[in-house]
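Report on the following structure.
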Amino acid sequence: MSSLSSISVADSPEARAIAEEQEHVTMLYTRLDELRDRVRGQLTGQWSQGGGTPQARLQRDVAAHGYAERLARYEAVESGLCFGRLDPRDGGPLRIGRIGIHDTDEPLLVDWRAPAARPFYVATAVTPYGIVRRRHIRTRGRTVVGLDDEVFDATAGNGPLVGEAALIAALDAHRTGRMRDIVETIQAEQDRVIRSAAGGVLVVQGGPGTGKTAVALHRAAYLLYTHREQLSARGVLIVGPNPMFLRYISQVLPSLAETGVLLATPADLFPGVVATRRETAATAEVKGRSDMVDFLIEGVRARQRVPETPVEIVVDRHVLRLDRYDCETPRRRARESGRLHNLARPIFVAGVLDVLAEQVAERIGADPFWNDPLGEDDAPGTPNVLDEADVADIRGDLAGDPGVRAVLDELWPVLTPERFLDDLFATTDRDELRREPGGGWSAADVPLLDEAVELLGEDDSAARARQARDLRRRLDYAQGVLDISAGSKSYEAEDDFEAEIPNVADVIEAGVLAERYADRDVRTAAERAAVDRRWAFGHVIVDEAQELSPMAWRMLMRRCPSRSMTIVGDLAQTGAAGGAGSWGEVLSPYVSDRWRLAALSVSYRTPAEIMAYAGRLLADADPPIELPRPVRSSGAEPRELTGDAAALAAVVAGEPGAGSLAVIVPAGRRAEVAAALPHLGSDLDEPAVLLTVTEAKGLEFDHVVLVDPELIRGESPRGVNDLYVALTRATRSLTVFRVTGGAGCDGGTR
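The letter at position 91 of the sequence shown is residue 91 when you use UniProt numbering, and the numbering goes up by one with no holes.
Listed below in structure tokens is the structure:
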């Protein structure tokens, strides 16, 4: 009986289908292994080549870098290489996967971003796009463990979900502390956003659980696939709200075979500055206001000084004097030049040196023998015997005099952004900004530093001088090569045929040859952009964009002059005091009304029970919060508990052991709760973490214990939005715990 049962199961349609898919998946992994081995061999071969000319070494490095990138992509797609199949009405089946694999002209695996793969995400019974069946292939390692088939029938209706069984399975899986890609379960409304045109500004507005972050990351992968040449050269920047969020999403793009994207927070966008200084939300809000531009402009102008009282400078026993009148004309000329502060300084310096040189010339240039053969008449007003070259020498001597330099530096200093802001904050009369210099930088300072560069300018004369020296060195080397080559012609055989063979010196110029010896930067666009403040990205994606201040937006817009951007957020979740009130308000200074909006309305992550509970707690929100529509139920209603710190610890300890757990607390109670729950960490790789709402923004967990929701709501003018965020982080269960006793436990509402 058992044997007959085994034969029956083995011969079942499902078993035969799994066996068929397993055969194809095994073949695909064999091809993947072959591709890896081939590229690994090519990489090893390149690195084994040593010595040679500079050009040969450059070619080796460029080739090795390309092979290393390709190998990294092949390594990244090991898990879930093939996850789908399409059966067209006409033609053979197409397997869909993370990358494309071909056998001559035959596609063995179609990249999910290719046009041929799109029906996998958008086909429905009403609009099947010529597809009769869509199959989701579930694998564990390299083994096929299950299939979900959808056979399209025009009478079946048009449900909201594509591949519902696969989607629900993915949503029910435990969270691991790292976001997973959704390439196997992208829904139609998400696919429309992912494949939207690259140009212009696209705003993706979506509530909790709508997958807007995942959509943005998959859009980055799609754009890199469809605009590979352009974006590989200029790079893609993805901006997230904090380092924890970036760690959370860091594995998504590599799993989609894209490894050359720069992930950064706004605080990371000024190379060389590490923003670790803590400051109050009120100070951060002031620093983020757009009127800080005028504050900085006034600060720069205030450092373009003229003497209030005459300044005396002793040069070679001569006492020179500078007064306000002497300096006002040079300052006016420097300002009217239109140059930035540091670049206009030479104009001011030249004008002041002219004044001082004239004083010196008047004193030493009068001819003592004019109209006096005995040399006894040295009356004022006698002719000056110094010519222009003599005066130029005097100016040069004055420019090098320490006393003169000190006065010039005082009147029109060369300023770095750091020196400028340190001095500005130390001397301002605005209480919320005043601080002692040298205390480090905060995240809110970074856009100000960036703005300061735009006002001060960067003196690149030293860099240009180095480039000129390097060019001369290469030209000398190249000319030497050509001279040696040309000289060798005199030793060639006198045979007429050999004499007609062109020599390298006959067909190439020194400048062209020198260019071949120039150093080439083999770093990726992301690696180069990370250390270059002036880098212009091909596309910029901003997540949790509603939190950015006006000054942060100015900084980001400089990084993308083309305005090819994807902006992702939810205005109902804006927590920062200086954050967005509307997308039009944010974007109008840069693109007017030339931006488009895509709305995500379905919540795939947040269960219906939690979304309904959030709706009840936020029913009095003003303006009202429009909740997205949930598509799944967890079967667990949110719990409300009350107790002391010991009871809270017991509740946390009793939370379900499977999956991730976050305890979300008001910022004002973090230290207190941390003391009561010392085993909780802050690393997402840990099974249980303690976070504030700001730290939890954009993240998701299987289970959430939310402490004192009323206090979260009362902590800031936008506390209702923070509470909305906190309530919607869980994918399975939510426990709301109100702590009795302890400072601030009663909270309050606004």
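Even glycine gets a Cβ: it sits at the ideal position worked out from N, Cα and C.
Bounding residues of the alpha helix (DSSP H) (the contiguous stretch that carries F245): P243 to I249
Residue burial classification, W47 (beta-carbon count within 10 angstroms, cutoff 16): exposed
Short Cβ contact (9 Å threshold) for R113 with H24: no
Reference L618; option with closest CA among P115, V725 and V293: V725
Proximity below 9 Å, CB of residue 753 to CB of A68: Nothing can be reported for residue 753: it is not among the residues displayed for the chain, which extend from 1 to 750.
Which residues DSSP lists as bridging Q205, in chain order: G569 and A599
Distance CB(L548)-CB(A580) smaller than 9 Å: yes
Exposure of I297, with buried meaning 16 or more beta-carbon neighbours within 10 Å: exposed
Contact set for R36: own chain, Cβ-Cβ below 8 Å, skip 5 residues either direction: L71, Y74 and E75
Same chain, Cβ closer than 7 Å to S232, five either side skipped, listed in chain order: G260 and A525
Euclidean distance between Cα positions of R339 and R234: 28 Å
Assigned secondary structure, W583 (DSSP; H/G/I helix, E/B strand, else coil): helix
A598 versus T329: straight-line alpha-carbon distance, rounded: 55 Å
Rounded C-alpha distance that separates H227 from I610: 40 Å
Secondary structure of H679, DSSP reduced to three states: coil
Beta-bridge pairing of A662 - partner residues as DSSP gives them: V689 and V704
8 Å contact criterion, which S442 and E672 should meet: CB distance rounded: Rounded, the Cβ-Cβ distance is 25 Å, inconsistent with contact.
Burial state of D429 (16 or more Cβ within 10 Å): exposed
Run of the alpha helix (DSSP H) containing F120, from where it starts to where it stops: P119 to V122
Best match in T728, R331 and Q49 for proximity to P638 [C-alpha to C-alpha]: T728
N-terminal and C-terminal residue of the alpha helix (DSSP H) that C327 is part of: R324 to E336
Run of the beta strand (DSSP E) containing D191, from where it starts to where it stops: Per DSSP, D191 belongs to no beta strand (DSSP E); it is in the alpha helix (DSSP H), A188 to I194.
Residue burial classification, P241 (beta-carbon count within 10 angstroms, cutoff 16): buried
CA-to-CA distance, A552 to A267, given in whole angstroms: 9 Å
Length of the line joining the Cα atoms of residue 759 and E78: Here the chain comprises residues numbered 1 to 750, so residue 759 is not present and cannot be evaluated.
Contact between the stretch 304-311 and the stretch 435-451 (3+ Cβ pairs under 8 Å): no
Inter-residue CB distance, I394 and V360 (contact presumed, cutoff 8 Å): 5 Å
Inter-residue Cα distance where the pair is R118 and E544: 27 Å
Beta-ladder partner(s) of I541, from DSSP: I238 and T566
Enclosing beta strand (DSSP E) for H102 [first to last residue]: I101 to D103
Contacts around G100, its chain only, beta-carbon distance under 8 Å, and the 5 residues preceding and following it disregarded: P107, L109, V110, D111 and A114
Strand pairing of D149, partner residues [DSSP]: R135
Whether H539 touches L343 by CB criterion (9 Å): no
A63 versus A19, G80 and V39, residue with shortest Cα-Cα distance: V39
Extent of the continuous alpha helix (DSSP H) run through G714: P709 to G714
Local conformation of L4 per DSSP, three classes: Residue confidence for L4 is low, a pLDDT of 37 falling below 50, so the modelled location carries little weight and cannot support an answer.
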